[in-house]
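**Q** Protein chains in written order, with the UniProt record's numbering: chain F, 1 to 446; chain Y, 1 to 446.
Here you go, one structure.
Number of protein chains: 2
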Amino acid sequence: MTRKIHLALHPYGVGGPGQHGLWRDPSIAKNASIDIGYYIQQAQAAEHALFDALFIVDSQFIDPTYPAHYLNRLEPLTLLSAVATHTKHIGLVGTASSTYNSPFNLARRFGSLDHISGGRAGWNVVTSFDTGTSRNYGLDEHLDYTTRYGRALEAVRVIQGLWDSYEDDAFPADVERGVFLDPEKLHALNHVGEHFRVDGPLNLSRSPQGQPVIFQAGVSEEGRNFAAQVAEGIYAPAGPLDQARAYYEDIKRRTAAAGRDPEHIKIFIHAGPIVRATDDEARRRAREIFEEDNDFDRDLALLGRAFGAHDFSQYDLDAPFPDVAHLAERGGRTAAAKIIERARTEGLTLRQVVEASFGQKQSPFVGAPGTVADAIEHWFAAGTFDGLNLAFRNNEDLERFVDGVVPLLQKRGLFRTEYESGTLRGNLGLPVPVNRHTRERSLVDA
Amino acid sequence: MTRKIHLALHPYGVGGPGQHGLWRDPSIAKNASIDIGYYIQQAQAAEHALFDALFIVDSQFIDPTYPAHYLNRLEPLTLLSAVATHTKHIGLVGTASSTYNSPFNLARRFGSLDHISGGRAGWNVVTSFDTGTSRNYGLDEHLDYTTRYGRALEAVRVIQGLWDSYEDDAFPADVERGVFLDPEKLHALNHVGEHFRVDGPLNLSRSPQGQPVIFQAGVSEEGRNFAAQVAEGIYAPAGPLDQARAYYEDIKRRTAAAGRDPEHIKIFIHAGPIVRATDDEARRRAREIFEEDNDFDRDLALLGRAFGAHDFSQYDLDAPFPDVAHLAERGGRTAAAKIIERARTEGLTLRQVVEASFGQKQSPFVGAPGTVADAIEHWFAAGTFDGLNLAFRNNEDLERFVDGVVPLLQKRGLFRTEYESGTLRGNLGLPVPVNRHTRERSLVDA
C-alpha cells in the first residue's frame, strides 16, 4: 500500500496572519469568524473532499493591531461541537491552552466533543506565547518556556489518565441484575505532580476512538521533545524544503528515541496553495496577493509580539538590529531567539529582519492543478510531511484545489477516494489506545 | 396583558436525583446522557411546545453511588453548542461553576454559545458544593460558602464587563476607508478585585441579546443576596406552596432593595408533573414511582454528600440525629445547616432525617390534564413562581404534558401561543443591556 497524504483545512474567516486584507474580499461575510454557518460550510466542503480534519487555531489575547480573524472569533470547542452534528467523517481538531485551562475541564470538554462527534475530536495543545494572555488570567508574569512546556506535558498525561477513568465495559446497564455501573471498572487517578493535583475520576466514558488525538504546534526544542513524547499529530510551518525535511526527520527520530512508533505521529505542514487555470495566471495572482497584503508597519508590530509586545518603532529601521536579547525570554517564543540569531549571523538591519521574518512568503504550491499536484508529490516524496494543513483565501480558492488538485492526487494513489473510518484515529491510521486499567488487568491475568 | 407562565425543560437522561431507577426504563436509551441525539430531540420537543429554555445542570465530581445521569454525561457548553444549530427559538441555559473556571474562559464560552445560537444563551452560575470537587482541581480544601459566593459575584461582574469589550458598532468593516475595527469601540476591563485580576478585552463581540442571561440556583442567604444583585433567572426547589411563596416574595423584595426591577428576575421552580387520563391513574402512577425509586441506603449516602461525603452508616439509625455540626461548613451546603436545625427542633432520629430530606417527594402537579392545569394556575396565581423547570421521566410523560396541559394553559391565556422573540431575553421579557461604554458615552454627550 502506498503511503497516502493527509489533508486538513484551516479556516481563517475574515483573515489571519498573511491574509490581513481578507475581510475586504466581497465573497467573505464580514462576520464570518463569528458565524457558525461559515464554519459548518467549510467543514462540509472539506468533508465532501474527504479531508482528514478541520483545524481550529486560537488565542486568548488581542490588541487592535491584530488580524481581523483574531479580534472576534468563536471559542474552538463550542465551535467544533456545533460543527460536529453537521458532519460525519471529518476530524475536529481544536486548539486549547494547557497554561490557562485546568486538566479536569479540558478532559471533560474534549471528551464531550469526542462523544458528540462519534470519535472525531483532536486537541491541539498550545502553551500560549502572547505575554498579554497572562493578564487575562490573573497572572502578573507570563510563565517561562520551560515551565509552560513542563506544565503542558503533565497536563496531557493527567488528561489522558482522566480519559481512561471508565473501562469500555464499565456500564453493563443490566436491568435484570439491577446493575447500571460496574464500580470495579471506574478508576480514580489520584495524580500528584509538579504542576497539578487531580484526584478524578472523570465523569465521562471513552468514545469510539478511545481518546481524542493529541496535536501539537511548535518547533522549539521544548516543543519537539513534547511532541516526541505525547503528540500524535503536529502542525508545523513549512519553510524551505530542506528545512521541512530536516524537521520531519528530527521529529520522527525523537519519537522513535522516546520509544514510540514514528508512524504514530503525523506531521502536518502549513500550505496556502494558489491554483489557477495556468501557471502564469496563478503566479500573477500570487504576486497580487503579495502586494495587497504587504504592510511594513503591521509586520513591525508583529515582530514586537515575539518580544513580549515590545515597541520596535522607536529604533532606526536601517541601523543594525537592536540589542533586545533580554526580551526574548519574556516573550518566550523560540521565534525571538531565532530572529536574534539570524540578525547576528547575517548582519541584518531592523528593516531586513522584519521583511525576512514577517513579510509575505511565496507558497511552493502555486500554479495550474498539475503543477501544484507535482509540487505536493515532490515535497511528499522528499519526506517533508505526512499531511498538509491547508489555508485558502476564500471558497473559490478552496474549490479550485478540491476540483483541480485533489482528483490528480487520487489518480496518483496519493489521496484517499473514500474515508477509511468514521473516527479521526481511523482516518489518520493511528491506533485506538487500550484503556490503561484494562491493559493492566490483562497483564495481571496473563 | 395577563402575566404569562414561562416553561423550561430539564432533561435527566438515564436518571438524576429522584429518578434513580430511570435507566431501567426500556424507552430510554442506556447511553442517553452521553448521546447528543437525545438532547437534540429533547430540545426540539420542548421548542415545538414553545418552552422558553432547555436547562442543563452539571457537577464535576462523582462517586459510584451517584445517580446514573451524573456518572457519565456531556459537559453543558459543548452539549448546548451542538443543540443550538438544531433549534431556532428555545433558550439554552448551561450550568458552570464560578469556583472552578476562570472568568475569561467562561466569558468566551458563553459568549460563543450566544453567537452560535443567535442570542439564546444563559449561564446558570453555581459555586459547586461537592467537597470532592476541589480535589479534581488541585485544591486541598473546599472553599467555604462565603468565599465561594464572593468569588461568584465578582466572577459574574468581571464576565459581564468582558462581554461589553466591543460596542455594538465596533466593526464598521468599511472597505472604502480600509477600516475593519474602530479601535475607539474596543475597551479593556483592567479589573483588579479580591478574587480576580483580568485585563481584557475579550476577543468576542456581543450577540443579538447583548449578553447571555444570568441564572442562579440556590436558596441560602448568600445565594439569595447573590441572586438579588445579579441574577435574571433563578432555579429553585418548589417545597410546599407557602414556602415557595415566601421564597418568591423574599427574592423579589431583595431584588427591589438592590435597586433593580423585580420583574427582571424570573423565578423558576422545579416541577415533575405526572399527567394521565384520569386523576386516579395519575395518582397510581405517582405511588408506583415512589415505590420504585425508594432506596434508604442511597438516601443515606446522599445525606453524607451534604456533609462533605461523611459516612452516616456508622450511626444507629433510630438514635437521635448525630452531632455533625462541625461537618456542615466543610460540606458547605446550606442544606446541611437546615438538616441539623430541623433534626434539633423536631427531635428527629437519623432515619427520620433521611426520609424527610431525601425521600421521594409528592409532586403537587399529579392528575388528569385539567387537574394539573388547575394546580399550576393555582400556584401561579398564589405568587410562587414566574416559570416551571420541568423534569419528566421519559418522552411519553413529556408528550402527555405538552399535549394535555399546555393547550389548557394557552386557552386560559397563561402560556404563549407563539414565540415572542428569537432570543432568550426576548422570550423571558428581560431587557437587552446597553453596552456600558456606549451608555457612558451617551451620558457624556448628553
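Ideal placement from N, C-alpha and C gives every residue a C-beta, glycine not left out.
None of these values were measured; they are calculated from a predicted model.
At least one CB of chain Y closer than 8 Å to the CB of F:Asn203: is that the case?
**A** Answer yes: the Cβ-Cβ gap between F:Asn203 and chain Y drops below 8 Å somewhere.
**Q** Looking at the secondary structure, which residues open and close the beta strand (DSSP E) in which Y:Ser33 lies?
**A** Neither: Y:Ser33 is in no beta strand (DSSP E) and is coded neither H nor E.
**Q** Which partner residues of F:Asn124 appear in the DSSP bridge assignment?
**A** F:Asn124 is bridged to F:Thr95 and F:Phe215.
**Q** Leaving out the 5 sequence neighbours to the left and right, which residues in its chain are closer than 6 Å to F:Gly367 when beta-carbon positions are compared?
**A** The residues are Asp279 and Ala282.
**Q** Do F:Val405 and F:Pro273 have their CB atoms nearer than 8 Å?
**A** Yes, the pair counts as a contact, with Cβ atoms nearer than the cut-off.
**Q** Do F:Arg393 and F:Leu22 have their CB atoms nearer than 8 Å?
**A** In this structure, F:Leu22 lies closer than 8 Å to F:Arg393 by Cβ.
**Q** Only counting the same chain, and skipping five residues up and downstream in sequence, which positions put a Cβ closer than 6 Å to that of Y:Asp114?
**A** Excluding sequence neighbours, Y:Asp114 sits near Ala121, Ser207 and Pro212.
**Q** Out of F:His195, F:His191 and F:Asn31, which has the shortest C-alpha to C-alpha gap to Y:Ile116?
**A** For the residues F:His195, F:His191 and F:Asn31, the minimum Cα distance to Y:Ile116 belongs to F:Asn31.
**Q** One question on the structure: do Y:Ala271 and Y:Ala238 come within less than 8 Å of each other, judged by their Cβ atoms?
**A** Taking 8 Å as the Cβ cut-off, Y:Ala271 and Y:Ala238 qualify as a contacting pair.
**Q** Helix, strand or coil: how does DSSP classify F:Gly413 here?
**A** Coil.
**Q** Quick one: which chain Y residues come within Cβ less than 9 Å of F:Ala32?
**A** By Cβ distance, chain Y contributes nothing, its closest Cβ being about 11 Å from F:Ala32, past 9 Å.
**Q** DSSP puts F:His6 in a beta bridge; with which residues?
**A** Per DSSP, F:Gly387.
**Q** On the premise that F:Lys266 lies in contact with F:Gly383, defined as a C-beta separation below 8 Å, what is that separation, rounded to the nearest angstrom?
**A** So it is not a contact: roughly 13 Å between Cβ atoms.
**Q** For the structure I just gave you, are there three or more beta carbon pairs, one from the segment 29-44 of chain F and one from the segment 181-194 of chain Y, closer than 8 Å?
**A** They do not touch, by the three-pair rule.
**Q** Flag this pair as yes or no: are the beta carbons of Y:Ser112 and F:Glu75 separated by less than 8 Å?
**A** Their beta carbons are under 8 Å apart, which means Y:Ser112 touches F:Glu75 by this criterion.
**Q** With DSSP collapsed to three states, give me the class of Y:Val324.
**A** Residue state, collapsed to three classes: coil.
**Q** Check the Cβ-Cβ distances between Y:Gly13 and every residue of chain F, and say whether any is below 8 Å.
**A** Output row for Y:Gly13: interface = no.
**Q** Below 8 Å on the Cβ atoms is my contact criterion, and I expect F:Ile159 with F:Leu92 to pass it. Report the Cβ-Cβ distance as a whole number of Å.
**A** About 17 Å; that fails the 8 Å criterion.
**Q** May I ask you to report which of helix, strand or coil DSSP gives F:Ile340?
**A** Note: F:Ile340 maps to helix in three-state DSSP.
**Q** Taking 8 Å as the threshold, find out whether the segment 400-416 of chain F comes into contact with the segment 290-302 of chain F through three or more Cβ pairs.
**A** Output reads no: the segment 290-302 of chain F does not touch the segment 400-416 of chain F.
**Q** With H, G and I counted as helix, E and B as strand and the rest as coil, what does DSSP make of F:Arg197?
**A** In this structure, F:Arg197 counts as strand in the three-state DSSP scheme.
**Q** With distances taken from CA atoms, which of Y:Val230, Y:Ala246 and Y:Arg276 is nearest Y:Arg260?
**A** Ranking Y:Val230, Y:Ala246 and Y:Arg276 by Cα distance to Y:Arg260 puts Y:Val230 first.
**Q** I'd like to know whether the C-beta of Y:Trp163 is nearer than 8 Å to at least one C-beta of chain F.
**A** Chain F contact via Cβ: absent.
**Q** Under 8 Å between the Cβ atoms of F:Ala228 and F:Ala258?
**A** Yes. Within cutoff.
**Q** Among F:Val179, F:Glu221 and F:Leu71, whose alpha-carbon lies nearest the alpha-carbon of Y:Ser165?
**A** For Y:Ser165, the nearest C-alpha among the options comes from F:Leu71.
**Q** I'd like the list of long-range same chain contacts for Y:Thr65, defined as Cβ closer than 6 Å, with 5 residues on each side in sequence excluded.
**A** Hits under 6 Å: Ala301.
**Q** Please list the residues of the segment 266-283 of chain Y that have a C-beta atom closer than 7 Å to any C-beta atom in chain F, keeping them in chain order.
**A** Against chain F - using a Cβ distance shorter than 7 Å - the segment 266-283 of chain Y contributes no residues.
**Q** Is it buried or exposed, F:Arg224, if we count other Cβ atoms within 10 angstroms and call 16 or more buried?
**A** Looking at its Cβ environment, which holds 16 or more other Cβ atoms inside 10 Å, F:Arg224 is buried.
**Q** Leaving out the 5 sequence neighbours to the left and right, which residues in its chain are closer than 6 Å to Y:Ala391 when beta-carbon positions are compared?
**A** Only His10, Tyr12 and Gly272 meet the Cβ criterion.
**Q** With F:Lys266 as the anchor, note down where its beta strand (DSSP E) starts and where it stops.
**A** Note, F:Lys266: beta strand (DSSP E), Lys266 to Ala271.
**Q** Could one say the Cβ of F:Tyr38 lies closer than 8 Å to chain Y's Cβ atoms, at least one of them?
**A** With 8 Å as the cut-off, F:Tyr38 does not count as an interface residue toward chain Y.
**Q** Assign F:His187 to one of three DSSP states: helix, strand, or coil.
**A** Looking at F:His187 - three-state DSSP - the assignment turns out to be coil, as it is neither helix nor strand.
**Q** On a CA-only basis, which of Y:Gly233, Y:Trp379 and Y:His89 is nearest Y:Ala43? Give me that one, please.
**A** When each option's Cα is compared against that of Y:Ala43, the closest is Y:His89.
**Q** Return no unless some Cβ of chain Y is closer than 8 Å to the Cβ of F:Trp123.
**A** No, F:Trp123 lies away from the interface with chain Y (no Cβ there is under 8 Å from its Cβ).
**Q** For F:Val198 versus Y:Asn136, is the C-beta spacing smaller than 8 Å?
**A** It is a contact, given that the beta carbons lie within the stated cut-off.
**Q** Counting only runs that start and end within the segment 234-294 of chain F, where is the alpha helix (DSSP H) found for 4 or more residues in a row?
**A** Whole alpha helix (DSSP H) segments, 4+ residues: 241-257 and 279-293.
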